Amino acid sequence: MEKPEKNRLVKNLNGPFIIYLLMFAVFSLFINNFFSAGNLNNVMRQAAMLSLVAIGQCFVILLGGIDLSQGSVLGLTGVVMGILLNNDVSLGMSVLLSVAMAIALGLISGYLIAYISVPKFVATFSMGGIALGLALVISDGRVVWGFPEAVRWLHDSEILGLSSVFYVIFIVYLIAFWVLKFTRFGSSVYAIGGIQASAELFGIKTRRNEMLCYAISSGCAGLAGIMAVSRLNSARAIMGSGYEFEAIAAVILGGTRRLGGKGGALQTIIGVLIVATVRNGLNLIGVSIYMQQVVIGLILIIVYILNENSASIKDTTTKLLRRRVAHNA
Amino acid sequence: MPDRPSILERSKKILHQIGMNQALFTFLLFFFGSLLFIDQFAISTNLINVFRQGALIFSFSIGMTITMLLSGLDLSIGAVGSLSSVVAATLIISGNVFLGVLVGLIVGALLGLLSGIAIARFSVPSFIMTFSMMKIANGLSLEFTQGQSIYGFDNSFRFIGIGYVGPIPMPLFINFIVLLILVFVLKYTVFGRSVYAVGSNKNAAKFSGISYHFTIMMGYMVSGLFSAFAGLLLIARLGSAESIMGEGWSRQAIAASVLGGVSFAGGKGSIIGTAFGAMCVAILYNILNLLGVDSLWQEFFLGLIILLAVSLDCIKTIWMKKRDTIRQLRKISEEVVA
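So the protein lines, in turn, are chains A and B. Here my numbering is used: the first residue of the first sequence is 40, the next is one more, and so on. Here my numbering is used: the first residue of the second sequence is 45, the next is one more, and so on.
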């Protein structure tokens, strides 16, 4: 007799969510100071920027791609915004212009990937080089600072006792959730990730949608860049380095994967929480920032292997179990 | 003798066989362009510098080329090279030059083998695996050195980097020998041929009995090995080892391979092409320096060149596909008419 299918949302969330809860429980039990309001607040703050970068990366990974340019785009957006501000452009205008520039960079690499079939990692990797180079050149390799007060207000202001950053993230994730679940564009993203050729045969505009995904990814990195500027009150070309890696880790740890159309916004937020919590826990037990990178890299690879091979692992285990049962009988 | 092909035709054929006409053309364009337009370029000290730089770029592009021939890529060459050379450096300053070199090479090969296993056995995409390997190796080497540089090598070790064989700088000499060996390996050994076979068509290679997993694993191991080799050459030349010295290698290596005519689709390109591509990148850096362009621009130009070269290659492929289809259609229509 077949079991009734569980609620799909719950089913897809299960694994990573349980891992997160377990990790949270273990950390709270064994690490001093982990379970305190100050520290949890800290985790949230660390997760804030990452969550924005990761939701962009999520779109691209669902397509079976990768965006290696996010860190550099983050830095470039911050530097451009800083320089615009220092040249007396209004805050709103400079935010708009710099995010538009980030989206334009994403559109360029997306165009190359989708229409000229440049390999995705080459296009985004060299776009990262171009963005980093531009950011270094226009900032002269220095820190850009001395912004008007209003910049910090973006980060420090509170609405109903919660930092306004939280609301920005909430809105972005709400939009991402809606787009991925309930729009034609969203379902085509899952379809393209599955099998591109058949998606094309079904009349999905695969090329256009692929290009748009890279633009979204870059735009999210740009938003994170603005958040970084308002948080640090300064901008540097290299301030985003490494974010693309953590974003990829977060998306994959959250359980998003290309084949089978698994994952989405909710999974990504859990992945972000896992990465931020791991970082925080390792920090508290005094693991150096370099080793944290090593640990996250190892976890990423192991989880990726388990994720992608879970079907075959399940098959083998059921086979073994069956053989055992047959043997006993 | 009328039926013998002319020298021009024959040399054209040979060039085509070696598969480097595009690479050679790019190199000659770069070389003579800078000879013509930039005054200080032709000075012998500068030229030797360019060749020395080119040799270094070639040494770390080897891994990228082989993995690209396998239709993957290795983003971890810089980090693996730095990690193995800081490990080697600590042994070398304690007096064991030979042991240090050996351990450095083994560390590189092992890390490469690890990514190879994950890519071949567990079918992790090469960019995700090698990108994570880059972060892992980078973190390990930073932890190992705590951000300090290691210096004070024995002269016998530094000879590899700064010595001369006759008038030829040692790194150039070593890399030339490596180039010859690799040309032989890729052309005439089972491993070399299976690299091309696996890269150009994975399934066909599988069905013709080539050990597909083994070839990929070995390919990434060789890539790690040559990253370590490049790291050792660099620390012998600089006289100090740092954990961040491999930053930017992967972009330079991609540029060298792509300019050398190695295709990301896999199975297309040659190691000689990469050698010419590496020279092109070295010349580019040299020109930027001579023209007094700020070194901050280098990353920008490198990215731009990669994008342009790869896009042109892709456009060429699309265009050729279109041409072939049109030809076929024409043939069919002619047959139908006839």
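For every residue, glycine included, the Cβ atom is placed at its ideal position computed from N, Cα and C. None of the values given here were measured: they were computed from a predicted structure.
Contact between the region 350 to 365 of chain B and the region 87 to 104 of chain B is defined here as three or more beta-carbon pairs at a separation below 8 Å; is this criterion met?
no
So, is the C-beta of Phe145/A closer than 8 Å to a C-beta in chain B?
It is Gly, not Phe, that sits at residue 145/A in the sequence shown. No, Gly145/A lies away from the interface with chain B (no Cβ there is under 8 Å from its Cβ).
Using C-beta distances below 8 Å, list every residue in its chain close to Arg295/B, excluding the 5 sequence neighbours before and after it, in chain order.
Glu343, Leu346, Gly347, Ile350
Just to confirm, are Cys259/A and Leu91/A a CB contact at a threshold of 8 Å?
yes
Taking all protein chains shown into account, do 16 or more other C-beta atoms lie within 10 angstroms of the C-beta of Lys179/B, making it buried, or fewer, making it exposed?
Buried.
With contact counted as at least three CB pairs below 8 Å, one residue from each stretch, are the region 277 to 288 of chain B and the region 199 to 209 of chain B in contact?
Touching, yes, given that three or more Cβ pairs across the two stretches are closer than 8 Å.
Do the region 100 to 115 of chain B and the region 74 to 89 of chain B touch if we need at least three Cβ pairs shorter than 8 Å?
no
Given this structure, state the Cα-to-Cα distance separating Leu199/A from Val207/A, to the nearest angstrom.
14 Å
May I have the straight-line CA-CA distance separating Gly321/B from Leu339/A, to the nearest angstrom?
34 Å
With which residues is Arg296/A paired in a DSSP beta bridge?
Lys301/A
Taking C-beta pairs closer than 7 Å, name the residues in chain B that Asn348/A reaches, listed in chain order.
Phe166
Looking at the structure shown, is Arg257/A part of a helix, part of a strand, or coil, going by DSSP?
The sequence shown places Ser at residue 257/A, rather than the Arg named in the question. It is helical.
Just curious, the alpha helix (DSSP H) that Met120/A is in, first and last residue?
109 to 125
If I follow the unbroken alpha helix (DSSP H) through Lys220/A, where does it start and stop?
203 to 221
Please report the distance separating the alpha-carbon of Asn93/B from that of Val325/B.
13 Å
Relative to the C-alpha of Val342/A, which residue among Ile287/A, Ser237/A, Leu171/A, Val364/A is closest?
Ile287/A
Quick check on DSSP: helix, strand or coil for Ala153/A?
helix
In chain order, what are the residue ranges of uninterrupted alpha helix (DSSP H) at least 4 long that sit wholly in the region 71 to 143 of chain B?
Fully enclosed alpha helix (DSSP H) runs of 4 or longer: 88 to 113, 121 to 137.
Is the distance from the Cβ of Phe73/A to the Cβ of Leu345/A below 8 Å?
Between Phe73/A and Leu345/A, the C-beta spacing is not below 8 Å.
Exposed or buried, which one is Val264/B when buried takes at least 16 other CB atoms within 10 Å?
Inspection of the sequence shows that residue 264/B is occupied by Tyr rather than by Val. So Tyr264/B counts as buried.
Below 8 Å on the Cβ atoms is my contact criterion, and I expect Ser200/B with Leu127/B to pass it. Report the Cβ-Cβ distance as a whole number of Å.
About 23 Å; that fails the 8 Å criterion.
In the DSSP assignment, find the alpha helix (DSSP H) that holds Thr386/B and state where it starts and stops.
In the structure as shown, chain B starts at 45 and stops at 382, and residue 386/B therefore has no counterpart that could be examined.
Using three-state DSSP, classify Glu188/A as helix, strand or coil.
coil
If we define contact as Cβ-Cβ less than 8 Å, is Ile231/A a contact residue for chain B?
no
What is the DSSP secondary structure of Val183/A, reduced to helix, strand or coil?
strand
Are the C-beta of Ala162/A and some C-beta of chain B separated by less than 8 Å?
yes
Just to confirm, are Leu201/A and Leu340/B a CB contact at a threshold of 8 Å?
no
Contact criterion: CB-CB distance below 8 Å. Does Arg367/B meet it with respect to chain A?
False, the Cβ-Cβ gap to chain A never drops below 8 Å.
I'd like to know whether the C-beta of Pro55/A is nearer than 8 Å to at least one C-beta of chain B.
Cβ-Cβ to chain B under 8 Å: no for Pro55/A.
Quick one: Cα of Ile265/A to Cα of Lys220/A, how far?
27 Å
Tell me, which residues are paired with Ile204/B by DSSP?
BP columns for Ile204/B are empty, so no partner.
Quick check on Met265/B - is its C-beta less than 8 Å from some C-beta in chain A?
no
Does Leu114/B have its Cβ less than 8 Å from a Cβ in chain A?
no
Within the 8 Å Cβ cut-off, does Ala249/B reach chain A?
no
So that I know if they touch, is there some Cβ in chain A lying closer than 8 Å to that of Arg371/B?
no
Which residue or residues does DSSP assign as beta-bridge partners of Ala67/B?
Paired residue(s): none; Ala67/B is not in a bridge.
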